[in-house]
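Residue numbers (the numbering used here), protein chains in the order written: chain A, 1 to 637; chain B, 1 to 637. Where a beta carbon is used, it is the ideal one built from N, C-alpha and C, also for glycine. Below is one structure, written out as structure tokens; the observations come after it.
There are 2 protein chains.
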Amino acid sequence: TKEDFDLAAIYVSDAQYNRNIYFDTSPEAVRLYLRYNHWVSQVLLYFFILLDLSLAVFEDPAVFSLPIWATMLVELLCLLVFTIRIVHYAKVIPRDKFWKDPKNICIIVIIVLTLVDMIIYGALKATNYYGVRWSRVLRPLLLVNVTEGRQLRRAFRSIRNALPQIFYVFLLFMFSLLIFSLMALKLLGKRGLTTIDGSPYFTNYLEIIFDLYVLVTTANSPDIMMPAYNASYYFAIFFILYILINNYIFMSVFLAVVYNNYKYHLKEEVRQLVRAKRHKMVRAFAVLQDQREGREPVVNQANWNQLVRLVQPDVSNAHRELLWSVCDNNNHGLTGKVAFVQLADLLNIEVITLKSRPHPLQSLCPSLYQSAPSRLLCKLVQHRAFVIVYDLIILVNAVFIGLDEKNPLIANSEWAFLALYLLEILLKLYVFEPRAFFSKHSFWNWFDTIIVISALIATIINSSVTLPGTYTSRQILDIVFILRVLRLIRVVDSIKRFRTIINTLIRIGPAILTFGQLILVVYYVFAMVGMELFKHKVKFYEDSSDPTKAYCGNVLLKGTAFAQLNYCKNNFNNVVSSFILLVELTVVNQWHVLSSGFAAVTHGSAKLFFVFFHIIVVIVIINIFVAFVLEAFFVEY
Amino acid sequence: TKEDFDLAAIYVSDAQYNRNIYFDTSPEAVRLYLRYNHWVSQVLLYFFILLDLSLAVFEDPAVFSLPIWATMLVELLCLLVFTIRIVHYAKVIPRDKFWKDPKNICIIVIIVLTLVDMIIYGALKATNYYGVRWSRVLRPLLLVNVTEGRQLRRAFRSIRNALPQIFYVFLLFMFSLLIFSLMALKLLGKRGLTTIDGSPYFTNYLEIIFDLYVLVTTANSPDIMMPAYNASYYFAIFFILYILINNYIFMSVFLAVVYNNYKYHLKEEVRQLVRAKRHKMVRAFAVLQDQREGREPVVNQANWNQLVRLVQPDVSNAHRELLWSVCDNNNHGLTGKVAFVQLADLLNIEVITLKSRPHPLQSLCPSLYQSAPSRLLCKLVQHRAFVIVYDLIILVNAVFIGLDEKNPLIANSEWAFLALYLLEILLKLYVFEPRAFFSKHSFWNWFDTIIVISALIATIINSSVTLPGTYTSRQILDIVFILRVLRLIRVVDSIKRFRTIINTLIRIGPAILTFGQLILVVYYVFAMVGMELFKHKVKFYEDSSDPTKAYCGNVLLKGTAFAQLNYCKNNFNNVVSSFILLVELTVVNQWHVLSSGFAAVTHGSAKLFFVFFHIIVVIVIINIFVAFVLEAFFVEY
Ligand code: NA
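Right, dumping it as structure tokens:
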């Protein structure tokens with residue numbers, strides 16, 4: 001029946017995309033489940049999640065301020081969408097399964113807490129009290145808990161699995177830190193040494209712990225050592241030993257522990273995925289099988305064809321025939337269970353059909369296209385020398401870009417280069433079949449064409465607005481420059497060794513996006529907390545000559561490295577600044593200056609926020625990222 | 001014959017210690033070879049290599065200045081020893097093998113070049129010209145090329161094997177750096193922005209390349225971004241993209257490539273070692289075998305016993321019997337080839353004989369030792385609570401150490417803690433058999449006892465010199481403090497998880513020493529070159545109030561971050577300073593300030609020295625080190 005086919009198709013496509021949902025098999029639930037997995041509803045869901053997350057841009061402290069009722073209204077809309085989605089999901093799967101799944105509980109809790117927070121905040125604001133939108137930290141958790149966040153959940157799982165082991169290494173590391181700090185206090189505290197700004201050196205135990213923690217991140221090397229080193233060569237031994245043990249040994253051990261765990265659990269996860277996939281395919285087979293007495297059950301070709309058409313409507317007949325020939329290797333018109341189970345993997349293999357179609361010009365005017373000069377041209381373009389000549393042109397172009405563009409010769413040369421690049425694309429289109437040239441996998445052809453045409457358009461616009469004596473739009477010129485420089489990247493493709501590395505990077509690209517989401521979740525939470533703690537404590541002024549605007553507008557910063565280094569724009573005054581500041585903290589360098597700055601304008605314990613961020617992001621997540629790149633590189637390179 | 005046994009013993013011990021020397025098998029050569037491998041001659045060789053290396057302390061620029069003739073005389077003595085050693089080696093192995101081995105050629109070249117250099121330098125000095133002792137960079141190469149430097153050569157081989165792949169990734173990375181620099185020049189160069197000290201921002205292409213290279217090492221983040229970021233939020237995108245690609249992606253790829261190579265070549269090396277070991281054992285077998293017609297050759301027990309006695313004279317009879325029972329598993333009194341070949345590995349296995357000897361007090365006065373109170377005491381000490389009580393004492397001690405030692409109560413409490421620790425050791429010695437307590441593998445017992453007794457001695461000395469009103473020797477007090485804090489480390493041993501991690505670290509310790517040698521070689525070469533380039537350009541004065549002593553004694557440093565941060569002691573004025581400076585450069589932070597300082601007092605191109613050091617040490621060697629720790633940790637943890 002139609003319903004059987006729908007059910008089997010769902011099993012196959014769940015297996016194909018590694019969905020692990022135990023939906024109800026009643027016809028109505030199956031129909032709802034199909035709608036639940038439709039790409040339109042998934043795109044809509046992500047759109048509303050992003051909308052919800054991006055509300056932080058408009059909420060206080062805002063980049064673009066909107067009234068509270070506006071953001072609240074949008075947030076209510078988002079919550080409504082999430083509620084519809086979870087209700088939809090509840091109708092698809094059995095009730096007991098629904099309430100056992102922590103994902104669903106999480107989403108419901110997030111929705112409810114957000115509503116509670118909105119009501120409290122609205123009431124406080126209406127009565128002019130100070131309110132905190134604390135539920136904003138919950139928003140990114142939606143990304144993790146929606147059905148589609150499988151990859152992200154897997155990344156979080158690998159972190160959770162590594163945590164116990166990381167924790168013990170971390171404890172040992174903290175012990176070492178405390179011991180070294182105590183030694184530093186005893187050895188250096190009573191010597192009356194001073195730091196470069198005249199403050200006492202290593203006299204306060206808590207400050208020593210912070211300073212030595214910062215030294216593990218290398219951010220205050222060698223400054224923290226200099227007063228002791230200036231006093232005696234011997235103290236350098238203390239610091240070198242400290243760095244050796246806590247920076248080189250412990251940080252390598254962190255990576256080793258994380259990588260070890262990652263590899264171990266990756267194997268386990270892959271094994272489970274394969275098992276679940278097989279299980280689903282067996283169910284699909286059970287739905288469609290013809291039971292013959294005394295013989296193994298089979299699926300016939302007609303049913304199989306209809307199934308594949310349902311699962312992937314866009315697959316060509318030729319491709320389907322090919323898949324069938326793999327499943328039915330005895331040519332009986334039947335496929336057994338073992339062969340049927342492979343279908344999900346077979347559908348995931350991309351078959352590139354290399355049809356050598358004739359060039360359209362060949363069909364339009366064969367005599368011209370086949371003439372001797374035309375064939376010579378084709379040979380020339382396909383020759384290695386053609387690539388080398390264009391690589392040289394790119395190099396000359398690079399030199400010209402480096403020179404001063406005010407010189408009219410240089411400025412006009414741009415037109416010549418543009419013409420040369422356009423000529424190259426046209427020549428290639430003359431020689432190669434255009435549909436093959438612009439096929440899905442020809443990354444560099446697309447890259448080239450888009451960059452050159454954009455550069456052409458931008459250059460034309462730019463020169464039309466640079467009438468003599470008029471104002472040149474800075475933005476357009478910037479775009480022209482960027483496009484010009486991007487054009488040079490193409491040279492990478494002509495060196496085989498580079499191509500291998502780049503292709504490896506492109507292949508692991510999609511998985512890196514999962515880490516992008518992971519970082520987004522963590523950054524968002526820290527940004528929300530950071531904004532509540534530190535908003536408007538540090539201000540950035542374009543012109544700081546006014547005395548009230550000195551020291552980032554906060555006199556508490558007077559004399560701190562934060563103000564001296566002009567870090568005023570590194571603040572938590574809106575979500576964009578916060579994210580940029582968190583990137584800087586991830587890079588680690590000067591994070592102690594940033595954290596000391598925020599501690600100076602609030603309280604010493606504010607440093608804990610920054611230490612906590614360092615532990616979570618740099619020690620845990622970046623190490624997981626490195627472990628992931630290491631593993632991915634071994635598989636792909 | 002005796003000579004056969006000597007030959008077989010050499011094969012076995014070569015197999016045991018993975019020596020790979022194709023020595024002459026004539027009796028005289030075998031005798032010489034035995035002497036060549038004797039531990040005394042090996043220790044002497046390393047002593048003279050260290051002596052040769054340590055000459056840098058006394059040569060200009062010196063820590064302790066000695067006249068030229070003195071250092072030259074010592075160096076000649078060292079060269080003489082090396083010559084004797086190489087001549088000895090030449091007599092051991094066949095002539096054609098000797099001249100084909102690059103190690104020997106290297107050593108001869110080093111000796112000859114050093115002599116030439118010494119003559120030239122002596123002549124120049126005698127005629128009062130300026131001379132450079134350039135052959136000093138060759139000294140550390142001796143460590144690599146002596147026969148005993150196997151592990152070090154293996155480390156260098158793994159670097160050499162990784163180089164081609166690192167090179168291509170590095171080229172791609174340089175390409176990315178150049179492209180980004182060009183973009184930065186075009187986007188930011190014409191905007192008239194200034195850095196914090198008022199100098200133009202991003203206007204010189206070469207400086208941009210250096211600045212962005214430094215940004216990859218994160219050392220100038222976020223300072224290098226601030227002027228652009230202050231101008232517009234959009235420029236932050238440029239820098240974040242740059243850091244993402246060049247710091248996170250490329251640096252992970254470097255590690256991945258190095259680790260990939262390391263793992264691959266490690267497997268290959270291990271395979272070769274196993275093959276060579278087998279080969280040598282087969283030869284030993286061939287020397288000792290009894291040929292019986294029509295049957296497999298064997299070695300009888302008497303010969304085998306004599307061989308083992310020759311190879312390891314200190315092995316006990318019981319242990320030898322055990323080994324024989326493994327080799328002769330049929331109890332025929334004979335061992336075949338297959339069983340014989342295992343001998344080298346069997347000898348390497350450490351057998352810990354756990355003899356449960358009675359306590360000496362048990363034999364001396366059994367009635368007392370077996371009495372009820374004595375047995376209760378034994379039970380108490382062996383109880384878990386005993387460990388917990390002492391862990392608590394250590395914690396209390398830690399708090400007391402942290403408090404002010406000027407307080408007489410705190411000062412006197414030290415005696416109480418010392419007494420408690422001594423009591424613990426005495427109690428344990430009462431309960432456990434002393435020889436078992438101080439066995440080779442009881443690291444923590446040794447650690448404890450040594451620390452406590454040293455602390456006792458130091459505290460007694462310290463209090464005997466701190467008579468009221470007299471001067472307290474700072475050095476003794478420092479030692480007392482260090483010992484007191486070290487005592488606290490013991491707590492680590494009572495937590496099982498920590499013990500596992502520490503034991504893993506202790507096991508990979510010896511291999512880390514190979515990396516120590518590697519670093520020593522590279523540091524020494526860079527220190528020698530650095531001293532020639534930068535000696536006495538930057539000076540450190542205890543008191544810089546005198547205007548001629550400002551800016552590290554070099555007016556060219558006026559206004560540089562180097563002078564402002566008081567980095568004067570980070571210089572190349574002697575080998576100790578140089579090594580400490582190179583450690584700071586390895587830690588990376590602020591290396592651009594250091595390199596810019598040295599560029600300011602010499603020439604802009606001096607930065608190349610520092611960039612080169614960064615590439616060699618941080619990108620190549622530290623990554624090899626991390627790869628090594630990762631691999632070692634997986635095997636051991
Ligand atoms: Na740094």
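At a cut-off of 8 Å, the C-beta of B/Phe254 has no neighbouring C-beta in chain A. With a contact defined as Cβ atoms closer than 8 Å, A/Phe254 and A/Ile166 qualify at about 7 Å.
The beta-carbon distance between A/Phe5 and A/Gln291, rounded to whole angstroms, is 17 Å. This is too long to meet the 8 Å contact definition. Comparing alpha-carbon positions, the option among A/Asp223, A/Tyr421, A/Val555 and A/Phe609 lying closest to B/Trp591 turns out to be A/Asp223.
Chain-ordered, the chain B residues with CB closer than 8 Å to the CB of A/Leu182 read Ala398, Ile401, Gly402, Val485 and Leu488. Under the three-state reduction of DSSP output, B/Leu403 falls in the coil class, being neither helix nor strand. Residue contact with chain B for A/Val583: present (Cβ-Cβ distance below 8 Å to some residue of chain B). Counting every other CB atom within 10 Å of its CB across the protein chains shown gives B/Trp304 a total of 16 or more, marking it as buried. Taking a beta-carbon distance threshold of 8 Å, A/Gln590 counts as an interface residue toward chain B.
Taking the Cβ atoms as the reference, A/Gln370 lies roughly 13 Å from A/Val431, outside the contact range of under 8 Å. Between the segment 47–60 of chain A and the segment 132–146 of chain A, the count of Cβ pairs shorter than 8 Å is three or higher; the stretches touch. The shortest C-alpha to C-alpha distance from B/Pro140 to any of B/Gly131, B/Ile119, B/Ala123 and B/Ile110 is the one to B/Ile110. The beta carbon of A/Asp96 does not come within 8 Å of any beta carbon belonging to chain B, so the residue lies off that interface. When rounded, the separation of the alpha-carbon atoms in A/Leu486 and A/Val635 is 30 Å.
Under a 10 Å Cβ-count criterion, A/Pro67 is classified as exposed, with fewer than 16 other Cβ atoms of the shown protein chains found around its own Cβ.
No Cβ of chain B is located within less than 8 Å of the beta carbon of A/Phe443. The beta carbon of A/Asn300 sits closer than 7 Å to those of Asp290, Gly333 and Leu334, all from its chain and outside the five residues before and after it, given in chain order.
Counting along the chain, the unbroken alpha helix (DSSP H) around A/Gly597 starts and ends at Trp591 to Val601. When DSSP states are grouped into helix, strand and coil, B/Val298 belongs to the strand group.
The alpha helix (DSSP H) runs of length 4 or more contained entirely in the segment 436–518 of chain B are, from start to end of the chain, 443–465 and 474–488. The beta carbon of B/Arg320 lies closer than 7 Å to those of Asn305 and Val308 in the same chain, with the five residues before and after it left out. Positions of the alpha helix (DSSP H) runs, each at least 4 residues long and wholly inside the segment 186–237 of chain A, are given as 205–216 and 226–231 in order along the chain.
Taking a Cβ-Cβ cut-off of 8 Å, B/Tyr421 has no neighbours in chain A, whose nearest Cβ is about 17 Å from it. Around the beta carbon of A/Pro547, fewer than 16 other beta carbons lie within 10 angstroms, which makes this residue exposed. Measuring C-alpha to C-alpha distances from B/His279 to each of B/Leu50, B/Asn247, B/Ile21 and B/Glu424 identifies B/Ile21 as the nearest.
CA-CA distance, B/Val522 to A/Ser232, rounds to 25 Å. Beta-bridge pairing by DSSP links A/Thr335 to A/Val299. In this structure, B/Tyr11 places its C-beta atom within 8 Å of the C-beta atom of B/Met281.
The C-beta of A/Tyr233 comes closer than 8 Å to at least one C-beta of chain B. When DSSP states are grouped into helix, strand and coil, B/Asp14 belongs to the helix group. Remark: the shortest separation between the CB of B/Asn247 and any heavy atom of the ligand NA does not fall under 7 Å.
Checking the 7 Å criterion, the Cβ of A/Thr218 is within range of a heavy atom belonging to the ligand NA. The beta-bridge partner set that DSSP reports for A/Asp290 consists of A/Val298. Residue contact check for B/Pro61 against chain A: no CB pair falls below 8 Å. The three-state reading of DSSP puts A/Glu321 in helix, counting H, G and I together.
When the alpha-carbon of A/Asp345 is set against those of A/Lys277, A/Leu163 and A/Pro227, the nearest one is in A/Lys277.
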